[in-house]
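Undergrad:
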Amino acid sequence: MAQYLIKTPMYTSALTGEQWTQGLLDGHWERFHNMMGMSKQVFRKLNQELEKYSGFKGSRYIGHQEQLAMFLYMCQSGVVH
1 MAQYLIKTPM YTSALTGEQW TQGLLDGHWE RFHNMMGMSK QVFRKLNQEL EKYSGFKGSR
61 YIGHQEQLAM FLYMCQSGVV H
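Numbering (full-length UniProt numbering), first residue to last: 1 to 81.
#1: For the pair the region 28-45 and the region 71-80, tell me if three or more CB-CB distances fall below 8 Å.
#2: Could you say which of K40, T8, A14 and E18 lies nearest to G58 if we only look at CA atoms?
#3: Exposed or buried, E66, counting other C-beta atoms within 10 Å across all chains shown (16 or more means buried)?
#4: From which residue to which residue does the alpha helix (DSSP H) around M38 run?
#5: CA-CA distance, V80 and S54?
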């Protein structure tokens, strides 16, 4: 029996990572907590502390808030790729 691979794009969001992060920060507090595993206030404070004490900063293409949000989302959701 022949097997066929359905080639349908999986991730088709029109949002950039920065827009996604800002949307979470501007959106409902519970959604943010579900996605990041912490409140918006703790996220902002963690971001400030990382900038102040570790030199954490954005790169040419990805801002520091987006980097932190991606890391926390992967930790919270168990994403492996």
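All C-beta atoms, glycine included, are put in the ideal place defined by N, C-alpha and C.
TA: Let's see:
#1: Yes: the two stretches touch, three or more of their Cβ pairs being nearer than 8 Å.
#2: Answer by Cα proximity: E18.
#3: A residue is called buried once 16 or more other Cβ atoms fall within 10 Å of its Cβ, and E66 is buried on that count.
#4: Where M38 is concerned, there is no enclosing alpha helix (DSSP H), because DSSP gives it neither an H nor an E.
#5: Rounded to whole angstroms, the gap between the alpha carbons of V80 and S54 is 26 Å.
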